[in-house]
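A.B. asks:
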Amino acid sequence: MILSLKWPLLIVPLCKGVFASVGDSSPYYNACVKECSIDICKRGKEETFSYNLFGLIISLWSCLENCEYMCQWKTVEIFQRNNWRIPQFKGKWPFIRLFGLQEPASVVFSLFNFFVILKMFLMFKEKVSKNAPYYYIWHFYTGVCLNCWLWSSVYHTRDNDFTERMDYMSAFLMVMTSFYTMGLRHLSATLNVKTILWTVFCGCIALNHLAYLCFYYFDYEYNMKLNCAVGGLTVVGWILWTFLSYPTQRHSWKASMYSVSVVVSTALELTDFPPIFWVFDAHSLWHLSTAFLNIIFYSFIIDDCNYLTEIKVHISDSKTKLK
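Taking mature numbering (1 follows the signal peptide of the UniProt record, and there is no 0), I'd label the letters of the sequence shown as residues -20 to -1, 1 to 303.
So, in structure tokens, the structure goes:
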């Protein structure tokens, strides 16, 4: 019902650097990788990387990729020795692998989001009646969110074409579901022509976009623009709903507070910097901040469902008295 926590991706460009970065375009790095691939990979000396063999095996790092990782740090060392800026490699900052995890902080904080949402959802089920309006809509929404954060953790564990696409498409689904539930809250809690048309409309947009990305062309720029449009409309929609509802629904302020807080949290994404301790970058810290915003979100939907349940019971009692 509320703006997805993943949607700051709408503001910060979704596209990774597809062109060579300073680090991986440097002559030293390329010479190092070439030498490593010949001396180690072609001669079957993968045990050279045995300092974390278990983690490397479970995350499926190839010998060449391990060469690139080793040469990345040798290149960073040279840049530091010459007091040059820390370089990026293939559009990313250098991260220390922990247990084979490519970006350990982002993995942990993505899972943190996952478990916070799961815990708050269990609280939602405990405090909200099964007969409450939107009750099962929030089951669907939570499933989409959990799927999104799960793929986020997988993607940051091991970045390849498949995990990247799953992460981006899962993020889009969460953005689209946020837009969909916002629209439902404006329309009605019951099944009628308006809600059916709204469901078909949002479903067609989502399916068309995912089909385009999967079967035609994975266009990062198009994906970003569509997410920007949907996310922007979601924010405006919730602020408008709060303005119209607040006099009678005092919990509605949480909807706007959550939406604005998510937008503000993107400041972490905009202040890009080399990872602290080679582990914590701006993106991972953004993941950490969004985890706490889930508490506001679920507090809102719990209050809203209980409010709508009270209204529903009151109307039912009034009809009974009239009879």
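Where a beta carbon is used, it is the ideal one built from N, C-alpha and C, also for glycine.
In whole angstroms, what separates the C-alpha of I281 from that of Y115?
C.D. replies: Position 301 of the sequence shown, counted from the start, is the residue given in the question as residue 281. Position 135 of the sequence shown, counted from the start, is the residue given in the question as residue 115. Their backbone Cα atoms lie some 9 Å apart in a straight line.
A.B. asks: Quick one: using the 10 Å Cβ neighbour count with 16 as the cut-off for buried, is W131 buried or exposed?
C.D. replies: Taking the first residue of the sequence shown as 1, we reach residue 131 at position 151. Answer is buried; the Cβ neighbour count reaches 16.
A.B. asks: Can you give me the C-alpha to C-alpha distance between F277 and F159, rounded to a whole angstrom?
C.D. replies: Counting from 1 along the sequence shown, the entry for residue 277 is found at position 297. Counting from 1 along the sequence shown, the entry for residue 159 is found at position 179. If I take the Cα positions, the gap works out to 14 Å.
A.B. asks: Suppose you measure from the CA of D284 to the CA of A169; what does that come to, to the nearest Å?
C.D. replies: Residue numbering aside, residue 284 sits at position 304 when the sequence shown is read from its first letter. Residue numbering aside, residue 169 sits at position 189 when the sequence shown is read from its first letter. Rounded to the nearest angstrom, the two C-alpha atoms are 11 Å apart.
A.B. asks: Determine the DSSP secondary structure at F69, reduced to helix, strand or coil.
C.D. replies: Along the sequence shown, one-based indexing puts residue 69 at 89. Of the three classes helix, strand and coil, the one that applies to F69 here is strand, per DSSP.
A.B. asks: Give me, in chain order, the residues of the same chain whose beta-carbon lies closer than 7 Å to that of L213; leave out the 5 immediate sequence neighbours on both sides.
C.D. replies: As a working mapping, residue 213 is identified with position 233 in the sequence shown. The answer, listed in chain order, is F159.
A.B. asks: Give, in chain order, every unbroken run of the alpha helix (DSSP H) that is at least 4 residues long and sits entirely within the stretch 214 to 285.
C.D. replies: Runs of the alpha helix (DSSP H) inside the stretch 214 to 285: 233 to 245 and 247 to 250.
A.B. asks: My output table needs one value for L78: the three-state DSSP class, helix, strand or coil.
C.D. replies: To locate residue 78, count along the sequence shown from 1; it is residue 98. Residue state, collapsed to three classes: strand.
A.B. asks: What do you reckon, are the CB atoms on A209 and F92 nearer than 8 Å?
C.D. replies: As a first step, residue 209 is located in the sequence shown; it is residue number 229 there, counting from the start. As a first step, residue 92 is located in the sequence shown; it is residue number 112 there, counting from the start. Result no, Cβ atoms of A209 and F92 do not sit closer than 8 Å.
A.B. asks: Within 10 Å of its beta-carbon, does K22 have 16 or more other beta-carbons around it, so buried, or fewer, so exposed?
C.D. replies: Taking the first residue of the sequence shown as 1, we reach residue 22 at position 42. It counts as exposed.
A.B. asks: Taking the C-alpha atoms as reference points, what is the distance between L273 and Y197?
C.D. replies: Stepping through the sequence shown from its first residue, residue 273 is reached at position 293. Stepping through the sequence shown from its first residue, residue 197 is reached at position 217. Rounded to whole angstroms, L273 to Y197 spans 34 Å at the Cα level.
A.B. asks: Within the chosen definition, does the stretch 239 to 258 reach the stretch 185 to 195 through at least 3 CB pairs nearer than 8 Å?
C.D. replies: Cβ pair count under 8 Å is below three, so no.
A.B. asks: With a CB to CB cut of under 6 Å and the five nearest residues on each side skipped, what residues in its chain are close to M146?
C.D. replies: As a first step, residue 146 is located in the sequence shown; it is residue number 166 there, counting from the start. Once the five neighbours on either side are set aside, the close Cβ partners of M146 are W131.
A.B. asks: If I follow the unbroken alpha helix (DSSP H) through S150, where does it start and stop?
C.D. replies: Taking the first residue of the sequence shown as position 1, residue 150 is located at position 170. Where S150 is concerned, the enclosing alpha helix (DSSP H) stretches over D141 to L167.
A.B. asks: Are the Cβ atoms of V124 and G211 separated by less than 8 Å?
C.D. replies: The residue you call residue 124 lines up with position 144 of the sequence shown. The residue you call residue 211 lines up with position 231 of the sequence shown. It is not a contact, given that the beta carbons lie outside the stated cut-off.
A.B. asks: Which residues bound the alpha helix (DSSP H) around R61?
C.D. replies: The residue labelled residue 61 in the question sits at position 81 within the sequence shown. Where R61 is concerned, the enclosing alpha helix (DSSP H) stretches over C43 to R61.
A.B. asks: DSSP state of D19, grouped into three classes?
C.D. replies: Within the sequence shown, numbered from 1, the residue matching residue 19 stands at position 39. The answer is helix: DSSP assigns D19 an H, G or I state.
A.B. asks: Can you have a look at F253 and say buried or exposed, based on whether 16 or more other CB atoms are within 10 angstroms of its CB?
C.D. replies: Residue 253 sits at position 273 when you count from the first residue of the sequence shown. Under this definition F253 is an exposed residue.
A.B. asks: Exposed or buried, residue 306, counting other C-beta atoms within 10 Å across all chains shown (16 or more means buried)?
C.D. replies: For the chain, the structure presents residues -20 to 303; residue 306 sits outside this window and is missing.
A.B. asks: H119 and V87: beta carbons closer than 8 Å?
C.D. replies: The residue given as residue 119 occupies position 139 in the sequence shown. The residue given as residue 87 occupies position 107 in the sequence shown. It is not a contact, given that the beta carbons lie outside the stated cut-off.
A.B. asks: If the criterion is Cβ atoms closer than 8 Å, does the pair Y148 and N203 meet it?
C.D. replies: Along the sequence shown, one-based indexing puts residue 148 at 168. Along the sequence shown, one-based indexing puts residue 203 at 223. A contact, by the Cβ cut-off of 8 Å.
A.B. asks: Start and end of the alpha helix (DSSP H) containing T170?
C.D. replies: Mapped onto the sequence shown, residue 170 falls at position 190. Unbroken run through T170: none, as it is neither H nor E.
A.B. asks: If distances are taken between C-alpha atoms only, which option among M237, N207, H263 and V173 comes closest to W73?
C.D. replies: As a position in the sequence shown, residue 73 is number 93, starting the count at 1. Comparing Cα positions, the closest option is H263.
A.B. asks: Let's see if you can read the secondary structure: which residues bound the alpha helix (DSSP H) around G123?
C.D. replies: The count along the sequence shown starts at 1 and reaches residue 123 at position 143. Residues Y115 to T137.
A.B. asks: Answer with buried or exposed for W41, where buried requires no fewer than 16 other C-beta atoms within 10 angstroms of its C-beta.
C.D. replies: Walking along the sequence shown from the start, residue 41 turns up at place 61. Looking at its Cβ environment, which holds 16 or more other Cβ atoms inside 10 Å, W41 is buried.
A.B. asks: Pick from M103, W218, I117 and T55: whose alpha carbon is nearest that of D4?
C.D. replies: As a working mapping, residue 4 is identified with position 24 in the sequence shown. It is T55 whose Cα lies nearest to the Cα of D4.
A.B. asks: Need the endpoints of the alpha helix (DSSP H) that C85 sits in, please.
C.D. replies: Residue 85 sits at position 105 when you count from the first residue of the sequence shown. It is Ala, not Cys, that sits at residue 85 in the sequence shown. Note, A85: alpha helix (DSSP H), P84 to K107.
A.B. asks: With DSSP run on the structure shown, which of helix, strand or coil describes D297?
C.D. replies: Along the sequence shown, read from residue 1 onward, the residue named residue 297 stands at position 317. Confidence is the limiting factor: at D297 the pLDDT is only 45, short of 50, which leaves the residue's position unreliable, though a coordinate-based value still follows. In this structure, D297 counts as helix in the three-state DSSP scheme.
A.B. asks: Which value, in whole angstroms, describes the spacing of the CA atoms of Y49 and I185?
C.D. replies: Your numbering for residue 49 matches position 69 in the sequence shown. Your numbering for residue 185 matches position 205 in the sequence shown. About 40 Å.
A.B. asks: Between the C-alpha atoms of G140 and V134, what's the straight-line distance to the nearest angstrom?
C.D. replies: Within the sequence shown, residue 140 is the residue found at index 160, counting from 1. Within the sequence shown, residue 134 is the residue found at index 154, counting from 1. Correcting the residue identity first, residue 140 is Asn in this sequence and not Gly. Cα to Cα, the separation comes out at about 10 Å.
A.B. asks: According to DSSP, is G24 helix, strand or coil?
C.D. replies: Here residue 24 refers to the residue found at position 44 when the sequence shown is read from its first residue. Correct three-state label for G24: coil.
A.B. asks: Given a threshold of 16 other Cβ atoms within 10 Å of its Cβ, counted over all protein chains shown, does L265 qualify as buried or as exposed?
C.D. replies: Taking the sequence shown and counting its residues from 1, the one referred to as residue 265 is at position 285. Buried: at least 16 other Cβ atoms inside 10 Å.
A.B. asks: Using C-beta distances below 7 Å, list every residue in its chain close to S150, excluding the 5 sequence neighbours before and after it, in chain order.
C.D. replies: Here residue 150 is taken as the residue at index 170 of the sequence shown, counted from 1. N127, C128 and W131.
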